[in-house]
Amino acid sequence: MTNQMNIAIHENVVRIVTVAPEGRLDAFSAPKFREKVLSLIADGVKYIVLDLSQTPFMDSAGMAALVSALKQCRQLGGDVRMVWPQADPVKRILSLTKFDRVFEMKNTVEEAVSSF
Amino acid sequence: MNHQASRDLPPMLDEVDPNSQSNPVVALPADPSTSAKITLDIPAEVQYVNILGACACAFLANLEQLADPEITLYNLELAIQEVSVNIATHAYANSRGRIHMSAVLSHQPLKVTIMLQDTGASFNPSLVPQPQLGELQEHGYGLFLVTQLMDEVEYKQIDGGSVWKLSKNLPVIVNS
């Protein structure tokens with residue numbers, strides 16, 4: 039008589055993609071940024087880290103693109119984390135507009151990824 | 616298609632007679648020797664509007680007495696960017712045209728005044744709703760940012776177009 043044990047193993051991998059605009063995120067570049075995020079979402083991505091650490095300038099069109107990404111991910115049951123920009127003036131604008139309350143802010147990409 | 620691009624821009628408000636009662640007046644600083652001015656005229660297209668903010672910031676970049684220059688110049692650039700994008704995408708939504716900018720630096724107190732003029736369609740800024748800060752709101756931050764970042768913001772419809780006047784009292788280094 040054998041004492042068999044079945045072990046069921048399921049691996050769940052959460053796909054998290056980091057999107058890092060390097061350069062100005064403004065009315066000119068925002069459409070390209072939106073397009074990129076849309077293509078990721080169409081590809082099944084619903085957890086996104088928006089890494090703004092290398093974004094030296096952002097206007098309201100860029101901010102709108104960030105909110106759009108957050109809305110779309112949440113609609114799919116996913117979410118977004120945002121990594122603080124290095125540039126002080128951009129940080130201040132995120133605080134002034136209370137984007138730091140709308141988004142869950144993190145200091146690094148690693149911290150953001152591990153927070154999902 | 617409306618070919619407003621072929622129309623000449625009317626004179627800038629700061630180029631008209633400041634004593635004239637027929638024009639909305641923006642007077643130049645009392646003593647011209649204490650002021651400096653640049654003007655720039657660009658196509659009103661989103662791909663070019665960054666030039667305006669960059670030029671205005673370069674205009675002030677060498678002011679040795681300017682305190683907190685990184686924040687001050689960024690905020691000025693952002694305010695100019697927001698107004699310029701608004702002109703390019705709304706005032707010229709159905710036409711093509713140009714944006715004429717003048718920047719005047721005056722002293723005592725140290726202050727910069729930006730005029731942005733277009734020949735496009737006018738609008739009523741008071742009808743623009745305030746953004747619900749802290750909410751998941753995508754649009755509506757542009758005009759809010761302009762009014763928050765500048766000390767004075769005026770919008771006027773003039774003959775053949777509109778003009779925005781943005782003023783900022785510049786912080787200066789205080790020597791102890």
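Line by line, the protein sequences are chains A and B.
Going by my numbering, the first residue of the first sequence is number 39, and it counts up by one from there.
Going by my numbering, the first residue of the second sequence is number 616, and it counts up by one from there.
Quick reminder that beta carbons are idealized off the backbone N, C-alpha and C, glycines included.
Contact list for residue i against chain A, beta-carbon separation under 9 Å
i	result
Ile686 of chain B	Asp126, Pro127, Arg130
Cβ-based burial, residue i [other Cβ within 10 Å; buried from 16]
i	result
Thr40 of chain A	exposed
Ala706 of chain B	buried
Ala150 of chain A	buried
Asn50 of chain A	exposed
Gln696 of chain B	buried
Helix, strand or coil at residue i according to DSSP, with G and I counted as helix
i	result
Ser717 of chain B	strand
Glu142 of chain A	strand
Ala99 of chain A	helix
Ser637 of chain B	Confidence is the limiting factor: at Ser637 of chain B the pLDDT is only 41, short of 50, which leaves the residue's position unreliable, though a coordinate-based value still follows. Coil at Ser637 of chain B, not helix or strand.
Arg119 of chain A	strand
Val147 of chain A	helix
Glu660 of chain B	coil
Cross-chain neighbours of residue i in chain B, by beta carbon under 7 Å
i	result
Met143 of chain A	The premise fails here: Met143 of chain A is roughly 13 Å from chain B at the closest Cβ pair, so nothing lies under 7 Å.
Arg139 of chain A	Gly749
Closer than 8 Å at the beta carbon, the chain B residues around residue i
i	result
Leu135 of chain A	The sequence shown places Thr at residue 135 of chain A, not Leu. Simply Pro746, Leu748, Tyr756, Phe759, Leu760.
Supposed close pair residue i, residue j - CB separation, criterion 8 Å
i	j	result
Val727 of chain B	Leu764 of chain B	Contact doesn't hold; Cβ gap of about 12 Å is too wide.
Gly116 of chain A	Lys84 of chain A	3 Å
Ala583 of chain B	Val761 of chain B	Only positions 616 to 791 of chain B appear in this structure, which leaves residue 583 of chain B out of reach.
Val140 of chain A	Gly749 of chain B	6 Å
Partner residues on chain B for residue i, Cβ-Cβ distance less than 9 Å
i	result
Arg119 of chain A	In chain order: nothing, as chain B lies at least about 15 Å away.
Per-residue contacts from residue i into chain A (C-beta, under 7 Å)
i	result
Glu697 of chain B	Asp97, Ser98
Near the ligand HEM: residue i beta-carbon under 7 Å from a heavy atom
i	result
Asn50 of chain A	In the structure on display, the ligand HEM does not appear, and there are no ligands present to speak of.
Chain A contact residues for residue i, given Cβ-Cβ distances below 8 Å
i	result
Asn665 of chain B	Arg62, Asp64, Phe66
Inset, instruction - Taking a Cβ distance cut-off of 8 Å, strictly less, list which residues of the stretch 61-77 of chain A are near chain B, in chain order. - result: Arg62, Asp64, Ala65, Phe66
Inset, instruction - Select from the stretch 77-107 of chain A all residues with a C-beta closer than 7 Å to any C-beta belonging to chain B, and list them in chain order. - result: Asp97, Ser98, Ala99, Met101, Ala102, Val105, Ser106
Inset, instruction - Give, in chain order, every residue of the stretch 705-723 of chain B whose Cβ lies closer than 9 Å to some Cβ of chain A. - result: none
Legend entry - Cβ-based contacts, 9 Å cut-off: residues of the stretch 748-781 of chain B near chain A: Leu748, Gly749, Glu750, Leu751, Gln752, Glu753, His754, Gly755, Tyr756, Gly757, Leu758, Phe759, Leu760, Gln763, Leu764
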